[in-house]
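Residues in the sequence shown are numbered from 242 upward in steps of one, following our numbering.
Encoded as structure tokens, the structure appears first; notes follow it.
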Amino acid sequence: MALTGCGQVIPEEPVAAPDRATISAANEPPKSLPRQPVDPHAAPAPVTDGAPVTDGADVAGGTDTANDRFAATVVTGVEQYWREEFPVRFGMRWRNLRGFTAADPRDTANPPPCLSRSLDLADQALYCPRLDT
């Protein structure tokens, strides 16, 4: 599971989202999303801001399991997306998070950052603002 988000104050009157039937009737994805399926085995696309492209984010505490590799690949993809889209949408450059930590909910001796119990993170993603991880 990956969790991402950002916010921006928009000083305008709120507008209702379009009706779901209208969106699906168009049968066309939003222009900011890729129009072709993404091949998970393909080389990453080049990044336009000069940041290095990697196969996956460095994840501290991981054991190189399939889940750890999947999480690293998802994080890399999300960050690549926001490096391209954040300046367009918010007028500022995207900054990657400082790090990522794998957590094993069964490992009670080593809870993940910002939590007192690993079990609190079972099947969840967590952002720790104190450590920017």
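Glycine included, each C-beta is placed from N, C-alpha and C at the ideal position.
In the DSSP output, what is residue i paired with across the bridge?
i, result
"A301", "T342"
Quick one: is residue i buried, meaning 16 or more other Cβ sit within 10 Å of its Cβ, or exposed?
i, result
"E269", "Per-residue confidence for E269 stands at a pLDDT of 43, beneath the threshold of 50, marking its modelled position as unreliable; the derived number appears in the next sentence. Exposed: under 16 other Cβ atoms inside 10 Å."
"L372", "exposed"
"L274", "Here the model assigns L274 a pLDDT of 41, short of 50, so the residue's position is not dependable and the matter cannot be decided."
"A312", "buried"
"D305", "exposed"
Please name the residue, chosen from the options, that lies closest to residue i on a Cα-to-Cα basis.
i, options, result
"V316", "L372, D345, N337 and D348", "N337"
"W335", "R324, F341, L356 and T374", "R324"
Assuming residue i is part of the alpha helix (DSSP H), what are its boundary residues?
i, result
"W323", "A307 to F331"
Assuming residue i contacts residue j (C-beta within less than 8 Å), just tell me the rounded distance between them.
i, j, result
"A366", "P353", "That belief does not hold up - the Cβ atoms of A366 and P353 are roughly 11 Å apart, past 8 Å."
"T374", "F341", "6 Å"
"V300", "D309", "6 Å"
With 9 Å set as the bound, which would you pick, yes or no: does the beta-carbon of residue i sit closer than that to a beta-carbon of chain D?
i, result
"F341", "Judged by its chain identifiers, the structure shown contains no chain D, having just a single protein chain."
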